[in-house]
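Chains as they are written, first to last, in our numbering: chain A, 1161 to 1425; chain B, 1161 to 1425. Virtual Cβ for every residue (Gly too), placed ideally from N, Cα, C. Working notes, beginning with the structure itself.
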DNA sequence: ATTATATTGTGCAAATATGACACAATAAAT
DNA sequence: ATTTATTGTGTCATATTTGCACAATATAAT
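Here you go:
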């Protein structure tokens, strides 16, 4: 127990010394599964509320790089789609929900991990956090709690549990942003399996937008983007006409990501 | 001279002690004048490059509040339209352009203002800056250089001077954002005088987008938004048909700001 | 085999939006 | 009275969007 604490103290000591104080990053990592948009959340050992995976910026590290690093640390994946969306700097944010929760965490932290005052103080400062959201292939991840957390799971956004601090607000803003982006960026490459039907794609859009779309027109609209490769048909075993399978044309997809989908004026 | 330095040291001492270290705010304040979109820039006494007006976040202050405070300090105005648009966290950003410029500034700073090492070090740290952009009525402002700057002026965005550090990049991103917002938010309330013609509004849009728009269709499109109040005609003194004057219907404008201008799907 | 069933891919027409241009109305100058 | 420049509105051709129809089709049921 004591030896663990020493180990942890070393870990935290270097974390604190190599990171910028006062700034953090929180990642809203979106995945898609069972027709539901999900986010990767974790639960600290001492807490019942859930948190976003986050981390700190190294002293000699670009903030964007830190976001990529944190994403990779959590999911083992790299995402083309990793987007800064907002910085949360309300003074109350570290206290939201708040003092009690934090006091409890601090006590647990002291007891289990570190009781070095300097380190504790570092964490007790006010943090301004920058939110990034990513789209990843949920099936390629194997979320595991680390030594600080007891759970690490994909959770559907329309069924979110109680969240720590202002993490609910952060997720909400990320979802809003994702919905806006949907209007001018192609989405799906990282959320769907290699081969998928237009129905799959539509379900994804519906899960993100939380509203029903017209089938035939959605299909046309999508195909007109010219970023799909039509493959052989899929025999589903259902007693009806089988749909074509599609895959994303990677280069065209990425071109469209850069150029964006139409803007008037 | 020495007494000035003492005064300045006091000012900076309290600035440093009351502000969060490592975080700053830069404001891209847009105004509109002579058919040109302009930004408020200032020039430090020691420098030829221009800077965005910026500042720091007080220890007990919301970041958004700090942005409003900085905007008001500079322009004396409050803007409904003050929007956080991006946080710049590249490690190179404090060094861009860079070391020489900063060395020069530091020397000047030490000589003219403060040579307290602690204060100098505070400023020499790496800063992560959050950009806000505002739309204000340029004619209601009276930009004056403060004790640190020799100039403070409205400068047209298509005629930008040499800029300090990464401020060029920050302005570019703000302009990009403004253009995107144009697609789904009404704009003009704070940039135009109370009464204006549709031509005025069109010129504003053209100045922002930097492209010509078709007169008659623009007019129709705008009026269809239903956020204008038609007033009496304006006798311009020109030998042609006089245009109607319009003003924004404040409540409808703000409703539309919240709801946004159409989004498909 | 034949029929039933559900879902797909495409067709199509109505409604809506966009873009280019026409033109009468108009305020002032000549 | 005529000229001039600019406005407000009209129109028309061309896209785009939307809603619905319907044949095609893979399997199940008969």
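- Just measuring C-alpha positions, the residue of 1269/B, 1289/B and 1202/B sitting nearest residue 1182/B is 1289/B.
- Between residue 1304/A and residue 1312/A, the CB-CB gap stays under 7 Å.
- Using a CB distance cut-off of 7 Å, residue 1186/A does not count as an interface residue toward chain B.
- Contact between residue 1230/A and residue 1223/A fails: their C-beta atoms lie close to 11 Å from each other, not under 8 Å.
- Across the structure, residue 1293/A and residue 1243/A are spaced so that their CA atoms are roughly 5 Å apart.
- By the criterion of a C-beta distance shorter than 8 Å, residue 1328/A is surrounded in its chain by 1320, once the five residues flanking it on both sides are discounted.
- In the three-state DSSP reduction, residue 1203/B falls in the strand class (E or B).
- The three-state reading of DSSP puts residue 1215/A in strand, counting E and B together.
- For a cut-off of 8 Å, the C-beta gap from residue 1235/A to residue 1296/A is around 6 Å, short enough to register as a contact.
- The beta-carbon of residue 1288/B is placed less than 7 Å from the nearest beta-carbon of chain A.
- Against chain B, the CB of residue 1247/A has a partner CB under 7 Å away; the residue lies at that interface.
- For residue 1330/B, none of the residues of chain A pass the 8 Å Cβ criterion, the least Cβ distance being about 14 Å.
- When 9 Å is used as the limit between beta carbons, residue 1251/B is near these residues of chain A: 1217, 1218, 1219, 1220, 1221, 1222, 1223 and 1225, in chain order.
- The DSSP assignment places 1309-1316 as complete runs of the beta strand (DSSP E) inside the region 1300-1362 of chain A, in order along the chain (cut-off: 3 residues).
- When C-beta distances to chain B are compared with 8 Å, every residue of the region 1307-1325 of chain A stays at or above that value.
- Interface flag for residue 1182/A against chain B is set, since a Cβ pair is found closer than 7 Å.
- Within 8 Å of the CB of residue 1341/A, no CB atom of chain B is found; the nearest one sits about 11 Å away.
- In this structure, residue 1383/A lies away from residue 1394/A, with their beta-carbon atoms at least 7 Å apart.
- Taking a cut-off of 8 Å for Cβ pairs, the region 1386-1402 of chain A and the region 1162-1174 of chain B do not touch, as fewer than three such pairs fall below it.
- In the structure shown, residue 1188/B falls within a strand segment according to DSSP collapsed to helix, strand and coil.
- Counting along the chain, the unbroken beta strand (DSSP E) around residue 1290/A starts and ends at 1288-1295.
- With 16 or more other CB atoms across the displayed protein chains lying within 10 angstroms of its CB, residue 1367/A is buried.
- Of all C-beta pairs linking the region 1400-1419 of chain B to the region 1343-1350 of chain B, three or more are shorter than 8 Å, placing the two stretches in contact.
- Its Cα nearest to that of residue 1206/A, the residue 1310/A stands out among 1193/A, 1357/A and 1310/A.
- Under DSSP, residue 1210/B forms a beta bridge with 1203/B and 1323/B.
- Taking 7 Å as the cut-off, the beta carbon of residue 1228/B is found no closer than this to the beta carbon of residue 1333/B.
- Around the C-beta of residue 1203/B, 16 or more other C-beta atoms lie within 10 Å, and the residue is accordingly described as buried.
- Beta-carbon to beta-carbon, residue 1254/A and residue 1325/A are separated by about 7 Å, close enough to satisfy the 8 Å threshold.
- Note on residue 1226/A: 16 or more other CB atoms within 10 angstroms of its CB, so buried under the neighbour-count rule.
- In the structure shown, the three-state DSSP call for residue 1272/A is helix.
- Per DSSP, residue 1414/A is one residue of the alpha helix (DSSP H) stretching across 1410-1419.
- Around the CB of residue 1389/A, fewer than 16 other CB atoms lie within 10 Å, so the residue is classed as exposed.
- Think of a sphere of 9 Å around the beta carbon of residue 1244/B: the chain A residues whose beta carbon falls inside it are 1246, 1247 and 1249, in chain order.
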